[in-house]
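Reviewing the structure listed below.
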Amino acid sequence: MKNNAIKILSLLIVLCTVAGLCSCGKNPEDEDVKTTNRPITVSTDITKKVQTTDENVVAVAPEGEENILKYFNGSLKRFRGSAYDFVKKDTCTLTSCSTGSLNSESGATDSYRAALKNALGDMMGVSSLESTYFAGDDVSGVFAIKELAAENISEMSASAEGNKVTVEFSIKKNSADGFDAVSLLTNDYMTVEGLNGKISQYDASSTGATVKVSNVKLKAVIDYSTRNFVSVEISFNTSFYIGSLKLAYVSGGPVNASTKTTIKYTDFKEN
8 MKNNAIKILS LLIVLCTVAG LCSCGKNPED EDVKTTNRPI TVSTDITKKV
58 QTTDENVVAV APEGEENILK YFNGSLKRFR GSAYDFVKKD TCTLTSCSTG
108 SLNSESGATD SYRAALKNAL GDMMGVSSLE STYFAGDDVS GVFAIKELAA
158 ENISEMSASA EGNKVTVEFS IKKNSADGFD AVSLLTNDYM TVEGLNGKIS
208 QYDASSTGAT VKVSNVKLKA VIDYSTRNFV SVEISFNTSF YIGSLKLAYV
258 SGGPVNASTK TTIKYTDFKE N
C-alpha cells in the first residue's frame, strides 16, 4: 500500500513541478513588476543624442575606497538619470540538497528521489530567465541597486583594461539572515515567506523553515569614456533549512539545501 502511495506521490510531484516552473522561482512580492517589452519608438527629431565610445582611450582605474565608490555611484546616477534598453538574466542553481528521511522512504525509487529534488529546487527558486527591458519601462524593481557606502562594503577593488574599468564589491552583512546585504542590490531573493508560499503551491506544508543569504557580491564593468555600464553582475548564496516537510502521503526531514544565484545585466543602450 505504501509503495503505491510513493508512486502516486512521485507523479503528483512531477505535475506540481511543471506547474511551479511557470513562476520562475520569484518571490510573490515580485509578481507586480511589469515590463512592456515593447519596440522602441524612433524619434523623427533631427537632433538625436549620440552615444560614442572612444576605443583608443586607455582607461585608468580609480584608486582608494572613496574614489572607487564615487566612480561606481556616478555610473549608477547616470543610469538613473537616463533611459536605457538592457537585458537581465537571472540564474539560480541548486548546489546541494539533503532530504533526510524523505529520501529513504520505504519503496522510494530513483524517479521519486529525482522528482523530490526537482520539486525542492523549484520551491527554493531554481530557475533560469532572460528578459529584455526598453527605455520607458518602469525598471525600479528590476534594477534595484542602491548607492553604496563604505560601511556597506567588506572588500572592494578596481582594475582597468582597454577602455573599460571593472569595480568589484563584497557586501557586508549585519544581520543573521543576510537580507540587509542582498537587499542593497536586488529584490530577487528568497525569504521564509517566499519559501512557504512556494511550498503551499504543492499542497504541502512545513515546520521550522529558515532562509539565510551569504557571500553577496557585485561586479560592474564601466565604459571609461561614457561612464555607462557595460555589464553588472550580482551573485549570492542562499541556504535553506526545513525541519519537517509534508508532501501528500509522505512527511519527513530535515531538509538542508543551498542555491547559487547570479543576476546579470548586459547590452545597455542609451536612448
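In the working numbering, the protein residues as written are 8 to 278. C-beta: ideal position from N, C-alpha, C; glycine also. Since the model is a prediction, treat every value here as computed from it, not as a measurement.
Beta-carbon separation of residue i and residue j under 9 angstroms?
i: Y231; j: N159; result: no
i: G3; j: L101; result: The structure shown does not extend to residue 3, since the chain is modelled only from 8 to 278, so the question has no answer here.
i: D137; j: K95; result: Checking the sequence shown, residue 137 turns out to be Glu, not Asp. For E137 and K95, yes; Cβs fall inside 9 angstroms.
i: D97; j: I270; result: yes
Can you check which of these residues, the options, is closest to residue i by C-alpha distance?
i: Y248; options: S213, N235, V257; result: S213
i: K276; options: A115, G143, E240, V67; result: G143
i: D274; options: F236, N263, A188; result: F236
i: V218; options: F93, S111, V199, L136; result: V199
i: T266; options: V174, V146, S135, D210; result: S135
i: S147; options: A188, D195, V172; result: D195
i: L254; options: V64, R120, Y78, A151; result: R120
i: L83; options: M131, S258, L155; result: L155
i: S251; options: I229, A216, T269; result: A216
i: S177; options: S89, E137, E240, T98; result: E240
i: C104; options: G128, A122, T98; result: G128
i: Y256; options: K180, E112, S118; result: E112
i: S161; options: K180, A151, F150, A167; result: K180
i: T268; options: T193, S238, I152; result: T193
i: G185; options: S246, F150, G81, L225; result: S246
i: M130; options: E168, N203, A167, Y272; result: N203
i: D187; options: M163, I152, S207; result: I152
i: L191; options: L225, A122, D97, S118; result: L225
i: A227; options: S182, A211, A167, S207; result: A167
I'd like the list of long-range same chain contacts for residue i, defined as Cβ closer than 8 angstroms, with 5 residues on each side in sequence excluded.
i: A157; result: E72, E73, L76
i: D92; result: I47, T139, Y140, F141, A142, D274, F275, K276, N278
i: I229; result: Y78, F79, S82, K171, V172, T173, V174, N235, F236, V237
i: M163; result: E72, I75, L76, V174, E175, F176, S177
i: K124; result: L101, C104, T106
i: A183; result: K219
Sort out for me which residues DSSP pairs residue i with in a bridge.
i: T173; result: S166, V228
i: I178; result: I160
i: I241; result: L225, I270
i: T217; result: Y248
i: V262; result: I249
i: E137; result: K96
i: S105; result: N263
i: G236; result: Checking the sequence, you will find Phe at residue 236 rather than Gly. Per DSSP, I229.
i: L254; result: V257
i: Y283; result: The question about residue 283 has no answer, for the chain in this structure spans 8 to 278.
i: S212; result: K253
My assumption, with CB atoms under 8 angstroms, is that residue i sits in contact with residue j. Please give the rounded CB distance.
i: R234; j: R85; result: 5 angstroms
i: A126; j: Y209; result: 6 angstroms
i: T106; j: V262; result: 5 angstroms
i: V172; j: A90; result: With 8 angstroms as the limit, V172 and A90 do not qualify as a contact, their Cβ atoms being about 23 angstroms apart.
i: C99; j: V133; result: 5 angstroms
Who are the near neighbours of residue i in its chain, counting only those whose CB is closer than 6 angstroms to its CB and skipping five residues on each side?
i: V189; result: Y196, V220, V223, F243
i: A165; result: A68, P69, I75, V174
i: Y78; result: P69
Would you check whether the ligand COA has a heavy atom nearer than 8 angstroms to the C-beta of residue i?
i: V146; result: Ligands displayed in this structure: none; no statement on the ligand COA is therefore possible.
Residues in its own chain within less than 7 angstroms of residue i by CB, not counting five upstream and five downstream?
i: F150; result: Y272
i: S258; result: S251, L252
i: A211; result: L252, K253, L254
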